[in-house]
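*Asks:*
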């Protein structure tokens, strides 16, 4: 049984304003919640249907852990799992079809500019507006072993329910920072040896360009590309050549990110 | 003014059953409709708001065509453009926020197995269920100059409104065929020299694998990967290596397609 107060508190987390105020976010479904409870992020509470609870109580985190409590069992033993009905789950879920479980977790500490590992490659996202794209890009960053993702302040919010679902657990392994990109890139540019790669149309063919394994890769907005204000900071313009004779004008931002990240990692 | 009959006829095209029956589909928004009317696909009718009509009537297809009628103007001169109100557009649109125009067009002839150009690379999609993924993959195919896309019969329908919108015009430049993939690949395999590439986990690193510029590339379902029934037909197993120490279990199907297509084209 879940109270009206609880319902409205959890529902408020669908909105950025309240996520910031309460410093909490929600994650849903077996896959994402399983990734969440095996991450370092603190779980506030879990709302599960009986069916989901049965599934999780019968499962061990890995074969070597049989006999040991799973993370889910530990959370349950500290009274942070509430068994609720399907209809109750519908009231707090941000999904059209709820998936058996919703977890409320504490927001991880945001990455600080000073903490960014500039000895590695990292991503800079300039106004990625679509939550699905942002989630997908976070998943790509994770796949290709990028640790830090810097987003412009007008990008989609990484802890909105749609991004959390699209990132499928990768969000919990990536450090994220929202900041003003002009100031950020000005600061970054102070390190003269740090390349700032920008994915643009009509730039150097990425397959032939010199790519280092250090620096930042700027991915532009879905329809406008990289902001004019950021162009002066791009030291290396790269582009994914089209093989279709110029009829198609742009690749989806997440696709471009996937191809660019793949090409950087291929070179090693 | 649009009649009740027209509304229910256009709305019926949101469903595959009626698209097949009437041999028509819908496309919406400036970008997609502009691509549609500059393609070879036959336009049945266009429903536009006054604002959209004004925009299109003042526009020429390209700078060299000033003074010549644009495709839109030609369609309008044959009385196939109907000016409707925003509220009427809402009634026929498949979008949450209609975008000024909806076109009804004839389905292009499906590609035949015998017409597939096996001297080039082509894509084979095994149960891509998500319309957004299918649209994105069609866009990737277009970007990388793949002409033919073969889909399993249980894939999302390429002419559903969501796929049409996600493909952003690329759908009108790609040949699509729905067929039983087991039979299809059996037939294809008769050409012993035709490689069948399959994107799988734990296969040969695609960056190091031998890739030819001929053959088919099989992309598997979003959660299940390539069907067990199709595995015997895969001659070359390839995989995109992860750089994150095995914590992430799979890439989104459209992402995998983007990276694989990019790598094939990079090799030339």
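Residue numbers (my numbering), protein chains in the order written: chain A, 2 to 269; chain B, 2 to 269.
All C-beta atoms in this analysis are idealised placements derived from N, C-alpha and C, irrespective of residue type, glycine included.
1) Using 8 Å as the cut-off, can you tell me whether the segment 48-64 of chain B makes contact with the segment 118-134 of chain B, which would need three or more C-beta pairs spanning the two stretches below that distance?
2) Measure the CB-CB distance between residue 255(A) and residue 137(A) and report whether it falls below 8 Å.
3) Between the segment 164-177 of chain B and the segment 234-253 of chain A, can you find at least three pairs of beta-carbon atoms closer than 8 Å?
4) Is there a Cβ from chain A that is less than 8 Å from the Cβ of residue 208(B)?
5) Distance, Cα to Cα, residue 177(B) vs residue 160(B)?
6) Look at the Cβ atom of residue 218(A), then the Cβ atom of residue 198(A), and state whether they are nearer than 8 Å.
7) Three or more C-beta pairs under 8 Å: does that hold for the segment 94-107 of chain A against the segment 201-221 of chain A?
8) Nearest to residue 105(A) by CA position, among 125(A), 7(A) and 237(A), is which residue?
9) Quick one: grab the DSSP three-state call for residue 44(A).
10) Excluding the five sequence neighbours on either side, which residues of its own chain have a C-beta within less than 7 Å of the C-beta of residue 230(A), listed in chain order?
11) Could you round the C-beta distance between residue 234(B) and residue 190(B) to whole angstroms and report it? I think they count as a contact, below 8 Å.
12) Looking only at its own chain, which residues have a Cβ that is under 6 Å from the Cβ of residue 85(B), when we skip the five neighbours before and after it?
13) Scan the segment 53-140 of chain B and note each continuous alpha helix (DSSP H) run of 4 residues or more that stays entirely inside, going in chain order.
14) Checking contacts by CB at 8 Å: is residue 14(B) closer than that to chain A?
15) Could you tell me if residue 240(B) is buried or exposed, where buried requires 16 or more neighbouring beta carbons within 10 angstroms of its beta carbon?
16) Looking at the unbroken beta strand (DSSP E) that takes in residue 178(B), where does it start and where does it end?
17) Of all the options 257(B), 90(B) and 164(B), which has the alpha carbon lying nearest to the alpha carbon of residue 52(B)?
18) Could you tell me if residue 87(A) is buried or exposed, where buried requires 16 or more neighbouring beta carbons within 10 angstroms of its beta carbon?
19) Just the chain B side, please: which residues come within less than 8 Å of residue 267(A) by C-beta, in chain order?
20) Which same chain residues end up closer than 7 Å to residue 19(A) when comparing Cβ atoms and leaving out the 5 residues on each side of it in sequence?
21) What did DSSP end up calling residue 14(B) once you bin it into helix, strand or coil?
22) Compare the beta carbon distance of residue 40(B) and residue 140(B) with 8 Å and say whether it is the shorter of the two.
23) So what's residue 240(B) in DSSP terms, helix, strand or just coil?
24) With H, G and I counted as helix, E and B as strand and the rest as coil, what does DSSP make of residue 27(A)?
25) Are the beta-carbon atoms belonging to residue 150(B) and residue 113(B) less than 8 Å from one another?
26) Does residue 199(B) have its Cβ less than 8 Å from a Cβ in chain A?
27) List the residues of chain A that residue 243(B) touches, going by C-beta distances under 9 Å, in chain order.
28) Are the CB atoms of residue 135(B) and residue 153(B) nearer to each other than 8 Å?
29) For residue 126(A), which option in 26(A), 32(A), 244(A) and 225(A) has the closest C-alpha, if you only look at C-alpha atoms?
30) Kindly identify the DSSP beta-bridge partner or partners of residue 206(A).
31) Reducing DSSP to helix, strand and coil, say where residue 49(A) ends up.
32) Taking its Cβ as the centre, do 16 or more other Cβ atoms sit within 10 Å of residue 193(A), making it buried, or is it exposed?
33) For residue 257(A), tell me which candidate among 216(A), 202(A) and 232(A) has the shortest Cα-Cα distance.
34) I need the straight-line Cα distance from residue 130(B) to residue 69(B), nearest angstrom please.
35) CB-CB under 6 Å to residue 179(B), same chain, minus the five flanking residues each way: which ones, in chain order?
*Replies:* On the basis of the data shown:
1) No contact exists between the segment 48-64 of chain B and the segment 118-134 of chain B.
2) Cβ distance < 8 Å, so residue 255(A) and residue 137(A) count as in contact.
3) Yes, the segment 234-253 of chain A touches the segment 164-177 of chain B.
4) Chain A, which has a Cβ nearer than 8 Å to the Cβ of residue 208(B), makes this yes.
5) Taking the CA atoms as reference points, residue 177(B) sits about 10 Å from residue 160(B).
6) Contact flag set, yes.
7) Counting Cβ pairs under 8 Å, fewer than three are found: no touch.
8) Residue 7(A) is the option with its Cα nearest to residue 105(A).
9) In this structure, residue 44(A) counts as strand in the three-state DSSP scheme.
10) Contacts found: 183.
11) Indeed, because the Cβ distance is near 6 Å, the residues count as touching under 8 Å.
12) Here residue 85(B) has 3 and 48 as same chain residues with Cβ atoms under 6 Å from its own Cβ, once five neighbours each way along the sequence are excluded.
13) You should have 72-78 and 87-93.
14) No, residue 14(B) lies away from the interface with chain A (no Cβ there is under 8 Å from its Cβ).
15) Note on residue 240(B): 16 or more other CB atoms within 10 angstroms of its CB, so buried under the neighbour-count rule.
16) That run of the beta strand (DSSP E) goes 176-180.
17) Cα-wise, what sits closest to residue 52(B) is 90(B).
18) Its Cβ having fewer than 16 others within 10 Å, residue 87(A) is exposed.
19) Going along chain B in sequence order, the residues near residue 267(A) (Cβ under 8 Å) are 208 and 264.
20) Beyond the five residues adjoining it in sequence on each side, residue 19(A) comes within less than 7 Å, by CB distance, of 13 in the same chain, given in chain order.
21) Three-state DSSP puts residue 14(B) in coil, outside helix and strand.
22) No. Outside cutoff.
23) In the structure shown, residue 240(B) sits in a strand (DSSP, three-state: E or B).
24) The answer is strand: DSSP assigns residue 27(A) an E or B state.
25) It is not a contact, given that the beta carbons lie outside the stated cut-off.
26) Output row for residue 199(B): interface = no.
27) Under the 9 Å cutoff, chain A gives 143, 144, 145 and 146.
28) With contacts defined as CB atoms closer than 8 Å, residue 135(B) and residue 153(B) fail to qualify as a contacting pair.
29) Out of 26(A), 32(A), 244(A) and 225(A), 225(A) has the C-alpha closest to the C-alpha of residue 126(A).
30) For residue 206(A), which the question treats as bridged, DSSP gives the partners 240(A).
31) The answer is strand: DSSP assigns residue 49(A) an E or B state.
32) With fewer than 16 other Cβ atoms inside 10 Å of its own Cβ, residue 193(A) counts as exposed.
33) Comparing Cα positions, the closest option is 202(A).
34) Each residue's Cα considered, the two are about 43 Å apart.
35) Counting only Cβ-Cβ distances below 6 Å, and skipping sequence neighbours, we find 152 and 154.
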